[in-house]
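Inspection log for the structure reproduced underneath, given as structure tokens.
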Amino acid sequence: MADRIAVVGSNMVDLITYVERMPNRGETIEAPDFALGFGGKGANQAVAAARLGARVSMVTCVGDDLFGPRTRQNLADNGIDVSHVRSVDAAPSGTAPIFVEPDGENAILIVKGANAYLSPDDIDHAAETLKACDVILLQLEVPLETVYHAVAFGARHGVQTILNPAPANPDIDLSRLYGLDWFCPNESELALLSGMPTNSDEAVLAAARSLIGRGIRNVIVTLGGRGARLITADTAVQIAPVQVDPLDTTGAGDAFIGSFSRFLSGGSTPTQALERASRYAAHAITGRGTQSSYADLAGFEAFCAALENR
Numbered sequence: 223m224a225d226r227i228a229v230v231g232s233n234m235v236d237l238i239t240y241v242e243r244m245p246n247r248g249e250t251i252e253a254p255d256f257a258l259g260f261g262g263k264g265a266n267q268a269v270a271a272a273r274l275g276a277r278v279s280m281v282t283c284v285g286d287d288l289f290g291p292r293t294r295q296n297l298a299d300n301g302i303d304v305s306h307v308r309s310v311d312a313a314p315s316g317t318a319p320i321f322v323e324p325d326g327e328n329a330i331l332i333v334k335g336a337n338a339y340l341s342p343d344d345i346d347h348a349a350e351t352l353k354a355c356d357v358i359l360l361q362l363e364v365p366l367e368t369v370y371h372a373v374a375f376g377a378r379h380g381v382q383t384i385l386n387p388a389p390a391n392p393d394i395d396l397s398r399l400y401g402l403d404w405f406c407p408n409e410s411e412l413a414l415l416s417g418m419p420t421n422s423d424e425a426v427l428a429a430a431r432s433l434i435g436r437g438i439r440n441v442i443v444t445l446g447g448r449g450a451r452l453i454t455a456d457t458a459v460q461i462a463p464v465q466v467d468p469l470d471t472t473g474a475g476d477a478f479i480g481s482f483s484r485f486l487s488g489g490s491t492p493t494q495a496l497e498r499a500s501r502y503a504a505h506a507i508t509g510r511g512t513q514s515s516y517a518d519l520a521g522f523e524a525f526c527a528a529l530e531n532r
């Protein structure tokens, strides 16, 4: 039976504009292309895991607008259990205007909309589903109290928890993440949340270890073009980057985290899971959009075979 993952998190409708350059303040310029897609960190990570063969359940809120039913249908079309997707009366769906430059780099705004209504009660209502999962996957596009409640739920019921602390929230209470299994920030998020510099490999290690000293079990730091690092209380493993020509880096971090959760829950060692996740994220940035760039298992295996032969 496939591994089971619950994603407690956000969904967004992505409004993607491809630009030659970002406009200056007060300036209007023409953009060459536009696309509308489905996103949100939670939904992105859920789709990545589901396309790789995991049995995924989504605990999230959608708006009472034209995007709500379409978001729910998109999750279902990707094989995700939507029995715990709640519609919030009189609330808009979450949206994310995204601006992508020619080199693939992007700038993103998010409007939480209905995501701001995801509550601890939603977790309690999904309790039986969550208890049956191998992993509960979380992000910070939903209220902090909901994140804390999910971490405590996982610890209480022996379900591994993974938190991708993005977008970074300086108000997060790290003491309420005690017992979290996997904390997955990038360098800037690690610096903000640890209160320590991350301007060298040694500084990254020290900042991550400071979080481990506060009750978080493992830290995975994504380092952009330098790959990633897995840090525990007594080990540090460097995960090499995969070199590709990027077309659009939107959603690459979500591809990494979502695929890591699938490989980890599927029985890979943490290092193996991270190495495969690095490849999955590399494949994602060779296509446009967020979920639209995520490969299924067959496509991912073909990409890995091509890497071996180049």
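Each residue of the sequence shown is one higher than the last, beginning at 223 in my numbering. Every residue gets a Cβ at the ideal spot worked out from N, C-alpha and C, and that includes glycine. Quantities reported herein were computed from a predicted structural model and do not represent experimental measurements.
Query raised in the report: How about the segment 267-283 and the segment 298-312: do they share at least three Cβ pairs that are nearer than 8 Å?
Result: These segments touch.
Query - Euclidean distance between Cα positions of M223 and S487 - result: A caution first: M223 carries a pLDDT of 46, below 50, which makes its placement in the model unreliable, though a value can still be read off. Distance between the alpha carbons of M223 and S487 is about 12 Å.
**Report entry** N- and C-terminal bounds of the alpha helix (DSSP H) containing A504
**Finding:** Residues P492 to A506.
Query raised in the report: For D325, which of helix, strand or coil comes out of DSSP?
Result: coil
Report task. Would you mind listing the beta strand (DSSP E) stretches within the segment 368-396 that are 3+ residues and don't spill past its ends, in chain order? Result -> For the segment 368-396, whole beta strand (DSSP E) runs of length 3 or above, ordered along the chain, are 382-385.
Query raised in the report: Looking only at C-alpha atoms, which of P463, A270, D456 and M234 sits nearest to A477?
Result: A270
**Report entry** Runs of beta strand (DSSP E) lying entirely within the segment 263-288, each at least 3 residues, in chain order
**Finding:** 277-285
**Report entry** Assigned secondary structure, L340 (DSSP; H/G/I helix, E/B strand, else coil)
**Finding:** coil
Query raised in the report: Alpha carbon to alpha carbon, what distance is there between S232 and F375?
Result: F375 and S232: Cα-Cα distance of roughly 18 Å.
Query raised in the report: In this structure, does DSSP put G509 in helix, strand or coil?
Result: coil
Report task. Whole angstroms is fine: what's the gap from R451's alpha carbon to L237's? Result -> 32 Å
Query raised in the report: Under the rule that 16 or more other beta-carbon atoms within 10 Å means buried, what is A524, buried or exposed?
Result: exposed
Query raised in the report: Are the beta-carbon atoms belonging to E249 and P324 less than 8 Å from one another?
Result: The Cβ atoms of E249 and P324 lie no closer than 8 Å to each other.
Query - Where P291 sits in the DSSP three-state scheme - result: helix
Report task. For S481, count neighbouring Cβ atoms within 10 angstroms of its own Cβ and tell me buried if that reaches 16, exposed if not. Result -> buried
Report task. Say whether the segment 355-371 touches the segment 448-466, bearing in mind that this needs 3 or more beta-carbon pairs closer than 8 Å, one atom from each stretch. Result -> no
Report task. Provide the residue(s) that pair with L359 in DSSP beta bridges, ordered along the chain. Result -> V229 and I384
Requested in this report: Go ahead and label S515 buried or exposed: buried means 16 or more other beta carbons lie within 10 angstroms of its beta carbon, across all protein chains shown.
Outcome: buried
Query raised in the report: Does the distance from the C-beta atom of L402 to that of V443 stay below 8 Å?
Result: Not closer than 8 Å, so no.
Query raised in the report: Roughly how many angstroms separate the alpha carbons of V373 and I251, rounded to a whole number?
Result: 45 Å
Report task. Determine, using beta-carbon pairs with one atom in the segment 503-517 and one in the segment 377-389, whether at least three such pairs fall under 8 Å. Result -> no
Query - Residue interval of the beta strand (DSSP E) (run including D549) - result: Since the first residue shown for the chain is 223 and the last is 532, residue 549 is missing from the structure and cannot be characterised.
Query raised in the report: Mind checking if R243 is an interface residue toward chain C, Cβ cutoff 8 Å exclusive?
Result: Absent from the structure: chain C. Only one protein chain is present.
Query raised in the report: Who are the near neighbours of R498 in its chain, counting only those whose CB is closer than 6 Å to its CB and skipping five residues on each side?
Result: F485
Query raised in the report: Who are the near neighbours of H371 in its chain, counting only those whose CB is closer than 7 Å to its CB and skipping five residues on each side?
Result: P342 and I345
Report task. Using the DSSP secondary-structure output, state which residues sit across from V307 in a beta bridge. Result -> T282
Requested in this report: Identify every run of the alpha helix (DSSP H) within the segment 422-454, keeping only runs that are complete inside it and at least 4 residues long; order them along the chain.
Outcome: 423-434
Query raised in the report: Is DSSP giving A517 helix, strand or coil here?
Result: coil
**Report entry** Which listed residue (C526, A462 and R431) has its alpha carbon closest to that of W404
**Finding:** R431
Query raised in the report: Is G335 helix, strand or coil by DSSP?
Result: helix
Query raised in the report: The beta strand (DSSP E) with T239 in it runs from where to where?
Result: Residues M234 to Y240.
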